[in-house]
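K.L.:
Please read through the structure below; I'll follow up with questions.
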Amino acid sequence: MTAGRRPLIAGNWKMNGLRDEGIALAEGLKERAEGLSLACDLLVCPPATLIREVVQTLAGSVIVVGAQDCHAVRGGAHTGDISARMLRDAGCAYVILGHSERRNGHFEKDADVRAKAAAAHAAGLNAIICIGESEGERDQGDTLRVVISQLSGSLPEGAEAGNTVIAYEPVWAIGTGRTPTAEDVAEVHARIREGLGERLPDSQAVRLLYGGSVNPGNARELLNVENVDGALVGGASLEADDFWAIVESRL
Ligand code: PGA
């Protein structure tokens with residue numbers, strides 16, 4: 055973490071949580087945040103079915119709400135999809151885009167992620183653009199090339215620190231309990247920062263999150279790596295105690 059960038063700790067609930075569970079989790083986080091003056095921004099990204107409930111539960115709290123995906127167009131005949139404007143209208147401030155579970159499970163390409171990010175920006179949402187290498191790419195020593203190629207392909211025109219966050223999530227680290235070493239994260243994040251410098255005017259102000267098996271035990275080390283400005287947390291964001299322990303490692 056470098057001075058000047060306010061860290062962001064984000065929880066990605068993925069396809070988890072029925073109404074009561076989601077509300078209870080949001081309430082638990084709201085209680086923990088009450089009255090604290092936090093040194094970082096907090097975000098939860100529930101499934102779309104719970105966005106309104108969680109927005110209402112977190113009203114008056116510093117914790118903001120985001121979504122996990124959006125469609126690239128404003129509206130129309132797209133059965134099953136949700137537009138960025140709808141998410142904004144429901145109370146979202148952020149949307150996660152290009153998560154590897156979308157890239158792999160829904161065949162999203164960089165161009166799709168770029169179009170979605172442009173739609174998010176047009177709707178007034180912050181886009182959290184996820185990039186990261188697979189295990190095979192890592193084994194071949196291809197991590198930096200893959201990550202920079204995804205970065206270039208996924209950033210829309212007009213991306214800047216005020217509307218874009220980058221999350222480096224090695225695919226092999228997501229949900230596996232395995233993480234890169236602090237040195238590896240530092241190398242990749244430094245390269246991403248450099249890559250942003252070639253593409254954005256205010257690259258030094260853009261927040262770079264690390265994601266992939268962040269938990270209360272490793273958060274302090276990972277969040278203190280240079281150029282790591284927060285975390286995107288999956289599994290450990292589903293328990294208020296675990297998520298809060300991660301938040302506290304940045305307070
Ligand atoms: P994980 O997921 O923390 O469960 O590894 C992170 C993510 O997919 O964003």
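Under our numbering, the sequence shown has 72 at position 18, and the numbering climbs by one with no breaks.
For glycine and all other residues, C-beta sits at the position ideal for the given N, C-alpha and C.
Being a predicted model, the structure only gives us computed values, none of them experimental.
Apply the 10 Å Cβ neighbour rule to residue 84 and answer buried if 16 or more other Cβ atoms are within range, or exposed otherwise.
P.N.:
Residue numbering aside, residue 84 sits at position 30 when the sequence shown is read from its first letter. The residue is buried, with at least 16 neighbouring Cβ atoms inside 10 Å.
K.L.:
Does the stretch 99-109 come close enough to the stretch 138-150 to have 3 or more Cβ pairs within less than 8 Å?
P.N.:
The stretch 99-109, when compared against the stretch 138-150, does touch it at the 8 Å Cβ threshold.
K.L.:
Going by beta-carbon coordinates alone, are residue 265 and residue 223 separated by less than 9 Å?
P.N.:
Here residue 265 corresponds to residue number 211 of the sequence shown, with the count starting at 1. Here residue 223 corresponds to residue number 169 of the sequence shown, with the count starting at 1. Yes, Cβ-Cβ distance for residue 265 and residue 223 is below 9 Å.
K.L.:
Do residue 66 and ligand 1 come close, with the Cβ less than 8 Å from some heavy atom?
P.N.:
The sequence position of residue 66 within the sequence shown is 12, counting from 1. Checking every heavy atom of ligand 1 against the Cβ of residue 66, one is found closer than 8 Å.
K.L.:
Anyone know if the C-beta pair for residue 164 and residue 206 falls short of 9 Å?
P.N.:
In the sequence shown, the residue the question calls residue 164 occupies position 110. In the sequence shown, the residue the question calls residue 206 occupies position 152. Closer than 9 Å, so yes.
K.L.:
Check for me: the alpha helix (DSSP H) holding residue 74 runs from which residue to which?
P.N.:
Here the question's residue 74 lines up with position 20 in the sequence shown. Taken as a continuous stretch (DSSP letters only), the alpha helix (DSSP H) holding residue 74 covers 73-87.
K.L.:
Tell me which residues share the same chain as residue 111 and place their Cβ nearer than 7 Å to its Cβ, disregarding the 5 neighbours each side in the sequence.
P.N.:
Here residue 111 corresponds to residue number 57 of the sequence shown, with the count starting at 1. Excluding positions up to five away in sequence, the list reads 77, 80, 81 and 84.
K.L.:
Please confirm whether any heavy atom of ligand 1 lies closer than 8 Å to the CB of residue 155.
P.N.:
For the purposes of this step, residue 155 is taken as the residue at position 101 of the sequence shown. True, at least one ligand heavy atom lies under 8 Å from that Cβ.
K.L.:
Hey, does residue 197 have any beta-carbon neighbour from chain D nearer than 9 Å?
P.N.:
The question asks about chain D, but that chain is absent: this structure has only one protein chain.
K.L.:
Let me make sure I understand the geometry here. Which of 143, 144, 123 and 142 has the alpha-carbon closest to that of residue 134?
P.N.:
Reading the sequence shown from its first residue, position 80 is the one you call residue 134. Answer by Cα proximity: 123.
K.L.:
Looking at the structure shown, is residue 179 part of a helix, part of a strand, or coil, going by DSSP?
P.N.:
The sequence position of residue 179 within the sequence shown is 125, counting from 1. Reduced to three states, the DSSP call for residue 179 is coil.
K.L.:
Please identify the residue among 152, 109 and 268 whose C-alpha is closest to the C-alpha of residue 232.
P.N.:
As a first step, residue 232 is located in the sequence shown; it is residue number 178 there, counting from the start. Looking at the Cα atoms, 268 is the closest of the given residues.
K.L.:
Residues bridged to residue 287 by DSSP?
P.N.:
Residue mapping note: residue 287 aligns to position 233 of the sequence shown, counting from 1. Looking at the DSSP assignment, residue 287 forms a beta bridge with 65.
K.L.:
CB of residue 289 to nearest heavy atom of ligand 2: below 8 Å?
P.N.:
As presented, the structure is devoid of ligand 2, carrying ligand 1 as its sole ligands.
K.L.:
Is it true that the stretch 273-288 meets the stretch 57-64, where meeting means three or more beta-carbon pairs spaced less than 8 Å apart?
P.N.:
In short, these stretches touch, since the Cβ pair count reaches three.
K.L.:
Look at residue 259 and residue 73 and say whether their C-beta atoms are less than 9 Å apart.
P.N.:
Counting from 1 along the sequence shown, the entry for residue 259 is found at position 205. Counting from 1 along the sequence shown, the entry for residue 73 is found at position 19. Contact: no.
K.L.:
Report the residue from 209, 189, 237 and 196 whose alpha carbon sits nearest the alpha carbon of residue 226.
P.N.:
The residue you call residue 226 lines up with position 172 of the sequence shown. Of the listed residues, the one whose Cα sits closest to residue 226 is 189.
K.L.:
Report yes if the CB atom of residue 270 is closer than 9 Å to the CB atom of residue 228, and no otherwise.
P.N.:
Numbered from its first residue, the sequence shown carries residue 270 at position 216. Numbered from its first residue, the sequence shown carries residue 228 at position 174. Not in contact: residue 270 and residue 228 (Cβ atoms no closer than 9 Å).
K.L.:
For residue 297, count neighbouring C-beta atoms within 10 Å of its own C-beta (all shown protein chains included) and say buried if the count is 16 or more, exposed if not.
P.N.:
Position 243 of the sequence shown holds residue 297. Answer is buried; the Cβ neighbour count reaches 16.
K.L.:
Residue 221 and residue 182 look like a contact to me (Cβ under 8 Å); what is the Cβ gap, rounded to whole Å?
P.N.:
Counted from its first residue, the sequence shown places residue 221 at position 167. Counted from its first residue, the sequence shown places residue 182 at position 128. Yes, they are in contact, since the Cβ atoms of residue 221 and residue 182 sit about 5 Å apart, within 8 Å.
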